[in-house]
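Read through the structure below, which is laid out as structure tokens, and then see the notes.
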Amino acid sequence: MQEQDVIIVGAGASGLAAAAEAARAGASVLVLEKNHVPGRKILSTGSGKCNFSNIKISPASYHPPSAAFLKKTFASLPPARVRAFFGDLGLLWTKDEKGRLFPRSMKAQDVVNVLTNELSARAVRVQTLTEVTGIFLGEDGFIVEAQKVPPQWDKKGARGEKLRLGAGRVILAAGGPCYPQIGGTAGGYELLRKLGHTVSPVRPSMVPLAVKGNLTELDGVRLEARLDLKAGGKHIARTQGELLFTSGGVSGPAVLDLSRAALEALKEGTVIAEADFFPDYVPAAMARLLTGRMKSLGDRTFSGFCAGLHNEKLLKTAAGLAAIPWQAPAGQLSGDSLAAFAVLIKAFPLEITGSRGFEDAMVAAGGCAASEVCPVTFESKKVKGLYVTGELLNIDGDSGGYNLHLAWTSGILAGRAAAGK
Ligand SMILES: Cc1cc2nc3c(=O)[nH]c(=O)nc-3n(C[C@H](O)[C@H](O)[C@H](O)COP(=O)(O)OP(=O)(O)OC[C@H]3O[C@@H](n4cnc5c(N)ncnc54)[C@H](O)[C@@H]3O)c2cc1C
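So for the sequence shown, our numbering puts the first residue at 2; every next one is plus one.
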């Protein structure tokens, strides 16, 4: 029944890279995608700019620790080769001060375009609005069952024709459940389980966090901060970067980078993230700054005393927490009140109560045991001819382009290997 050499389930990051590489190696390739377009999630990455890789790719940026596995992967396809893969497709890129790589146009659409152009040039067929529902081993390769589905926005649309397709090899590149609103699904894990793979519980990682208390006055405030995560009397992690207050929670790169550790620690008890909005001032320097300011601005209200110090909404909230009336004469404040205020702006406590869930998560932790796939070809050790790529694997990366990098790398290696069989 083999109608094509390779069927790829999912036209996301790893599926598109796999399709391009398999077709370049001479295989006939069919990509099945349930969304109405290929690469939908890529369009939303990096806030539409697609932080597609990082100049500092190394196994240390992936979780759970997978150094032995990833050393073999990155030796087989060094990060520079992934950059060259995109260069060959015509993509120029640019690097920011943190080593993050973006298309020069700063448009994720260009990343999708160079990939889909390559697929067209290599006669790869991409069948959208087609959901894979089962993968079985036949006498002569794989049978892939699929069904035509309506676009995601058409809630009343009926499911359509059922399909049975044959292929010599299958690359499962169905991604994870994050952002279900643009097609994220846990369905790929179910397909893997049915094929005999071990799938560890999947949870949101790199995700905005919910915090205790009413901080609605800070909604939408975006500030640079250093975050120190503390639990059980211990300092667990530190990040620095943008912090965004959202309704009922916090987000932004500094929070996303801390979220994995925060959610892990939350299983054991209370977790506090202390936000330092003056990381460039040691506590003594902060105290000197405020007492010096009192000499020059002590005749103002506290609101006037604070003007120009930092974000007004933040300072007003901190003043409230320190029980300082915003319009009180600054000069009449006790030293203790000013000291409490200083502590709050250098260690603003955010008690973490949970995550905002898959709807807001960038990546999922958990998934297919990495030990069950080959680190060089991403071929399943359970089912010969099956390949597992991208977020389906129980390896997730830090923010900064690491997740897409692993998606491209695993896709390219799987595509190459699947074509070579
Ligand atoms: C908002 C957002 C921003 C992000 N920004 C970045 C960033 O800037 N840098 C970075 O490195 N990472 C980023 N990530 C993470 C990154 O997007 C993922 O790690 C990456 O896309 C995973 O690639 P993948 O190929 O495994 O899955 P995906 O890219 O999710 O692709 C899977 C595809 O499979 C399809 N599919 C699923 N099941 C089926 C089925 N049964 N039949 C047919 N098709 C199916 C899906 O519709 C989807 O198109 C971001 C994630 C989100 C949600």
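C-beta: ideal position from N, C-alpha, C; glycine also.
Per-residue burial, residue i [other beta carbons within 10 Å of its own, 16 or more giving buried]
| i | result |
| --- | --- |
| D6 | buried |
| K35 | buried |
| V256 | buried |
| V283 | exposed |
| D93 | The identity of residue 93 in the sequence shown is Leu, whereas the question assumes Asp. Classification of L93: exposed, given that the 10 Å Cβ count is below 16. |
| K157 | exposed |
| T271 | exposed |
| N52 | buried |
| N118 | exposed |
| K42 | buried |
| S248 | exposed |
| M207 | buried |
| G397 | Per the sequence shown, residue 397 should be read as Asp rather than Gly. D397 comes out buried. |
Where residue i sits in the DSSP three-state scheme
| i | result |
| --- | --- |
| Y190 | helix |
| Q333 | helix |
| Y63 | strand |
| W409 | helix |
| K96 | strand |
| P104 | strand |
| V251 | strand |
| D89 | helix |
| F246 | strand |
| D361 | helix |
Sequence-distant residues of its chain with Cβ nearer than 6 Å to residue i (five each side left out)
| i | result |
| --- | --- |
| A24 | V30, R123, V125 |
| V150 | K35, L130, E132, R160 |
| L394 | G368, C369, A371 |
| P80 | I58 |
| R239 | D229 |
| D399 | S62 |
| A362 | C179, P205, V208 |
| P326 | none |
Beta-carbon contacts of residue i that lie in its chain and below 7 Å, excluding the five residues immediately before and after
| i | result |
| --- | --- |
| R165 | I144, E146 |
| I56 | K96, G100, L102 |
| R194 | V200 |
Alpha-carbon to alpha-carbon, residue j and residue i
| i | j | result |
| --- | --- | --- |
| L138 | M2 | 11 Å |
| R426 | G421 | Examination of residue 426 is not possible in this model, given that the chain is present from 2 through 422 alone. |
| L44 | G332 | 53 Å |
| A211 | G27 | 49 Å |
| H406 | G169 | 27 Å |
| L173 | T390 | 6 Å |
| G250 | I353 | 9 Å |
| D277 | I346 | 6 Å |
| E218 | S121 | 51 Å |
| Q128 | A21 | 15 Å |
| P350 | G309 | 23 Å |
| S62 | L322 | 37 Å |
| R301 | L245 | 30 Å |
| G221 | E360 | 19 Å |
beta-carbon residue i near ligand 2 non-hydrogen atom, thresh 8 Å
| i | result |
| --- | --- |
| S62 | This structure lacks ligand 2; the ligands present are ligand 1. |
Own chain, CB closer than 8 Å to residue i, minus 5 neighbours either side, in chain order
| i | result |
| --- | --- |
| L298 | G305, F306, A331 |
| L291 | L339, F342, A343 |
Enumerated in chain order, which unbroken segments of the alpha helix (DSSP H) with a length of 4 residues or greater are wholly contained in the stretch 111–197? 188–195
Beta strand (DSSP E) runs wholly inside the stretch 30–64, at least 3 long, in chain order: 30–33
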